[in-house]
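Take a look at the structure below.
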Amino acid sequence: MLEAPSQKSCRYFRFCWGFVLLLLLPSKVWSAPRAEEAASRYQKGEFAAAADIYLQLIDENPSNASLYHNLGASLYRNGEIGAAVAAYLKALQLKPRDPDFKFNLAFLLAKATDKLEARMPPRSWQNLLISEQLSQRELLYLSVGSVLLLSFGGTWLLRRRETLPRLLTFLVPLSVLCLYLAGNLWAKVEWQQDWGAVQANELAAYSSPTGKSAVQIFKLHEGAPFAVLESSGDWLKIGLSDQKTGWIQRDQVVVFGSSLRLYHRAVKTSPPENAKASLP
Amino acid sequence: MAKIGKWTARFAAFFLFFSCYGLARAGTVTGELDKAVGSIEDQFVYTLSVQGSMDGEPEFPKIEGLDVQRTGTSQSVSIINGKFSREVQYQYVLVPQKAGTFQIPPLRVKLDGAWQETLALDLKVEDVASSGPGAAGGGGGNDAQGSAEQPVFIERRFTRSKVYVGEPLVATVAIFHRVKFFGAEPEITYPDTFQVKNIDDQKNFTRTIDGQEYAVTELNSILTPGKEGKYTIDPAILNAKIGGAPRRRSRSWLDDWMTPTEVVSKRFRSPPAEIEVVALPLEGRRADFTGLVGRNIEIKSEVSKREIKVGETVTVTLTLTSDGATAGMADPELKLGDKAKIYRDKPQSLDQLDLSRGVAGQRVLKYAVVPAKSGKLNLGKLSLQVFDADSGQYKDILTELGEVEVEGNAQAPADTQALAAQEPPAAAKEEARSQAKEVETLGEDLVEPHAPSRLESSALPSPLEWGTGGLLSLGGLILLTSTLWREKRQDGREERELLRQRKEALSRYLKAMQGAQEQLRQAQSKAAALQAHNALKAYFSSKFGLRSSSLTLGDALVCLEERKIAAASQDSIRALWLGLDRVLYAPDVPSNQTLETFLQNAQQLMQEVDKQC
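Residue numbers (my numbering), protein chains in the order written: chain B, 1 to 280; chain W, 1001 to 1613.
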C-alpha cells in the first residue's frame, strides 16, 4: 500500500534529525591517559617530553586543533619558537576563529624578528569567500543545513501551492546561498595551503633551488611564517605575506601541513628565560 | 573413385566460391591527405576511411617533426540496391614542426578478421622563405623580420641575448597581420628555470612594411633567469583561424555579405632563439649581498626631520632605482644598536616595463626610528652590495644618512632598557599594526594548553559526517524534485479533467435540455425552466472553470467577452438568461408552445456559442 506523501516526508524529516543528533554526540577519539600524561609533564616543566607525547597524539589524530595548541605551547616553553608558530598556524587552519589560537600566534609572531603576517594578501575575489573564517566542519554543516532548508522549505511551499513569484522569492536566494556555501567548502578542501615557520635562527631564501649558483634574495629568522608553494627535492618554494617568494632548504623549517609534514627537534641549549619565568 | 573425385571437385568449387565471397566481403581501408604539399604554417588533414567491421581502434604512428591530433570520427551507412555498407572516417590533424618531406607509413587495421593497410603517403612541408633569418641577434636582437609578401608573421625581440642569473630581460612577441583573424591563440613557452611575468596590457598599433599596412599586436613578458646555461627558446607559435578567399566570385555587396568567407586554420611561428645566462661570479660576493642584479643602480635617502625630541619618530626613506627588477631583493637593515628603536615598514616595489631600459625597477623602504637618548644621533652610512651587470662586477652603493639632533625630554626614559619596555610611539605603533594586525591582541604570556577534558575531537569532518551530509543533501534534493514532479503531474491531471469537462459541457447541456423538454411535455413549465436555467449555468461552469452555484449572468458575459464571442451571440445569451429568469420568477407562466420554442432556440444558440468557444 502506498503511503501518503506527507507521511513519507515526515519520516524523512525524523530520519534527518536522528542523524544530526547522532553526529552531535561527543566523540573522543584520542587517548585520554596519554593526554593526561602530557599535561602532567608540562606542569612539571618537562616540555620536550610533553611535546613528544602531543606529537604522537597528533600522529593518531592529525586534525585535532587543540592538540596543536598544546603542542605549540610545549614547543614554545622548550625554546622552539619556529615549531610553535608552525603548530599554531596549523591549529588556526583547522579552527580559524578560536581566540586562544589567535592570541598565541599573535604573541609568538610579535616575538619573531621578521614582521610578517600569517596570511597571504587576498586577491579581490578571495575577499568574497568566508572559507578563511570557518572550519571545514562548520562549512559542511552550513552547506547541508542550507540544502535541507531549501529542500524542506521548497517542498512545503510546493505542497501549499504557493504562487510562482513566492516560490521564486524563496528558492532563488536559498539556491544562491547553497551554491555559495558549497563553493566555499570546495575552496576550503581543495585550495588549502600548507603553512610553516622557520626553525633555524637565520635562513637564506634563494632565487632557485640550485644551491651554488642561486642568488640569495632575502633572509628569514626564527618564527617567520610562510606558505609552501612548491616542493622540489630538499627545497621548498615559499611565499611570504609581503608577496616575496624564494626557495629555502626544508631541513631548516617546520611544517604541519595536510600534504607535507616537516619537523626536526631543534637543538637548543636552554629555553628562553621569559618562557620559563612565565610559568604559573 | 570417380564419385570421390566428383565430390572433391564439388567441395573445391564450394570452398573457392566462399573464399572469393569472403574476400569480396572483406573491408577496405584507405588513407588520404587533404594536400600533399604545404608550408610550415599549414595544417594537414589525414583521413582514414574504413569500410567493414574493424577490431579495435586505428593507431597513428609517431612521426618525428609532426604533431598529430585526432580531431574526430564520422560514420556513414548506406544501402544501395539492397547492399548494406558502413564507412567510418577517422580524421587526424598533422601540424608540422619543421620543414622537410615526411613519409606517413601505412596504417594497419584488422578488418573482418584480416589485416589491411593503407598506402604510404608523402607529405612535403616547405619553409616560409622570409621567416627564416631569425637567429637571435646581439643585445636587443630580433627573431624574425617579416616581408610584405606574408599576410601574417611573428617577430620576437629580447632586450638582451646574454644576461646574468637574476637579471631580468624583456621578451616581446609582435604579431603582424593584414588578414582578419577569426580567433587566435598564442603558444609562448620559456624554459622552466625562467620566472616569467606576463605584462597584461597588450599593445596594438599599425605599421607599414613595403607599402602594406599591418595590424600589430605586441605581447610583453619580463623573464628572470634562475639558472646559468645556454638556452634555446622554443619558437613563439600562433594558432590562428584566418579568412581565406571567398568561396565564389562576388557580384554585389549582397553577394559578399551572403557568401561566407572561408576560414583556414594556420600555425605561424617565429624561429627559435638562444639566450645565454651567465652565473654570477662567486668571487667578490659577500654574505650580505642583496641579490639585486641590474644596471644603473642608484640609492637615495631622505630623513623626514633633523631635529626631534626623545621618544618622537623620524622616518628614514630609502629609494633604490635600477634597470632591473627589485621585487626579489633582500632589504638592508639599519643598525643603530641601543641608540634607537627601529620599526621597518613593508617595502614597496614598483617594477615597470620600459622600452628603453627594459625593466625600470624602484624599491622604497621606510624605517621609523625612535631615538632613545638625547644628543646627536648619527644614522651613519648605509652600504648595499649589488651586482652591476654592465661591468659584470659586484659593487657597493652607498648613501649617507647624516645626523639627527635629539632634544632631551623630562618624561622620556633615561636609558634604553626602559625604552624597550615602553610602548612604541603612536606613529610607530600604527606602522607596526599595519604590518601585523593581530599584534593588537598581545598579552603577557601564552594562553596555557587546554586541559585534557577540554581536548576536542577532530576539527575536520569525519567520513561519517561527509557521507551523512551528502546523503541528507541528496535526500533533500530528491524530496524537492519529486515534490515538484508530483505537483506538476497533479496540475496536469487537473488540467486534463478541466479539458474533459469542457469537451463534455455541450453534450451535458443538450441532455439536460432534453430533460427540460420532457418536463415541459408533462406540463411542468416552471420545473422545465429551472432545469434549463441550471443546465445553462452548468455549461458555463464546465466551459470556463467557474463554480456553478455562484455563477451570475455578469460572470458568464465576462467569460464570453474574454473569449471574443460575437456581440450578437452575447446578446442572445443575455436574452436567454433573462428570459429563463422571467419564466422562473414572473407570476404569469407563458404557454407551453412558447416555452418549447424558447428552449429549442436556446439549444441552437448554445451549439453556436460552443462552436465559437
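The beta-carbon is built from N, C-alpha and C at its ideal position, and this holds for glycine as well.
Since this is a predicted model, take the numbers as computed values, not measurements.
- The C-beta of W:GLU1487 comes closer than 8 Å to at least one C-beta of chain B.
- Burial state of W:LEU1578 is exposed, judged by a 10 Å Cβ sphere holding fewer than 16 other Cβ atoms.
- In this model, B:GLY233 and W:THR1047 are separated by some 46 Å (Cα to Cα).
- Here the C-alpha atom of B:LEU89 lies approximately 24 Å from the C-alpha atom of W:ARG1344.
- Contact check between the stretch 190-205 of chain B and the stretch 73-91 of chain B: three or more CB pairs, one atom from each, fall below 8 Å, which counts as touching.
- B:GLY223 is a Cβ neighbour of B:LYS111, given a cutoff of 8 Å.
- With 16 or more neighbouring CB atoms inside 10 Å of its own CB, B:GLY82 falls in the buried class.
- The straight-line gap separating the alpha-carbon atoms of B:MET120 and W:ARG1363 is approximately 20 Å.
- Using a C-beta cut-off of 8 Å, the stretch 234-247 of chain B makes no contact with the stretch 170-177 of chain B, since fewer than three inter-stretch Cβ pairs fall below that distance.
- Beta-bridge annotation (DSSP): W:TYR1164 is paired with W:VAL1278.
- At a cut-off of 8 Å between beta-carbon atoms, W:ARG1344 makes contact with chain B.
- DSSP places W:LEU1169 in the strand class (E or B) of the three-state scheme.
- Checking the DSSP bridge columns, you'll see W:PHE1194 partnered with W:PRO1225.
- Within its own chain, the residues whose Cβ lies closer than 8 Å to the Cβ of W:LEU1530, once the five positions on either side in sequence are excluded, are LEU1584, listed in chain order.
- Against chain B, the CB of W:GLY1294 has no partner CB under 8 Å away; the residue lies outside that interface.
- Excluding sequence positions up to five before and after W:GLU1167, its CB lies within less than 7 Å of the CB of VAL1293, GLY1294, GLY1324, ALA1389, all in the same chain and listed in chain order.
- Here the alpha carbon of W:GLN1519 sits roughly 7 Å from the alpha carbon of W:ALA1527.
- For B:VAL144, the uninterrupted alpha helix (DSSP H) run begins and ends at 136-159, by DSSP.
- For B:PRO225, the enclosing beta strand (DSSP E) stretches over residues 225-232.
- Taking the CA atoms as reference points, W:PHE1176 sits about 14 Å from W:LYS1241.
- Look at B:TYR263: its C-beta is not under 8 Å from any C-beta on chain W.
- Sequence-distant Cβ neighbours of B:TYR206 in its own chain, meaning closer than 7 Å and more than five residues away, are ALA214, VAL215, GLN216, ILE217, GLY246, TRP247.
- In the three-state reduction of the DSSP assignment, B:ILE81 falls in the helix class, which pools H, G and I.
- No residue range can be given for W:GLU1059, since it is assigned to no alpha helix (DSSP H) and is classified by DSSP as neither H nor E.
- Within chain B, no residue has its CB atom less than 8 Å from the CB of W:VAL1163, the nearest being about 13 Å off.
- For the set B:PHE107, B:TYR54, B:SER74, the Cα lying nearest the Cα of B:ALA32 is the one of B:TYR54.
- Straight-line spacing of the CA atoms in W:ALA1532 and W:GLU1487 works out to 38 Å.
- In terms of CA proximity to W:GLN1212, W:ARG1178 leads the group W:GLN1514, W:ARG1178, W:THR1481, W:GLN1570.
- Three or more Cβ pairs drawn from the stretch 49-69 of chain B and the stretch 93-112 of chain B lie within less than 8 Å of each other, which places the two stretches in contact.
- Rounded to the nearest whole angstrom, the CA to CA distance from W:LEU1551 to W:SER1525 is 23 Å.
- Judged by their CB atoms, W:LYS1376 and W:GLU1333 are not nearer to each other than the 8 Å cut-off.
- Not a single C-beta of chain B is nearer than 8 Å to the C-beta of W:PRO1058.
- Taken through DSSP and simplified to helix, strand or coil, B:ILE217 comes out as strand.
- For B:SER208 and B:GLN252, the gap between their C-alpha atoms comes out near 17 Å.
- DSSP places B:TRP186 inside the alpha helix (DSSP H), whose first and last residues are 164-190.
- Contact annotation: W:GLU1298 and W:ILE1397 have beta-carbon atoms nearer than 8 Å.
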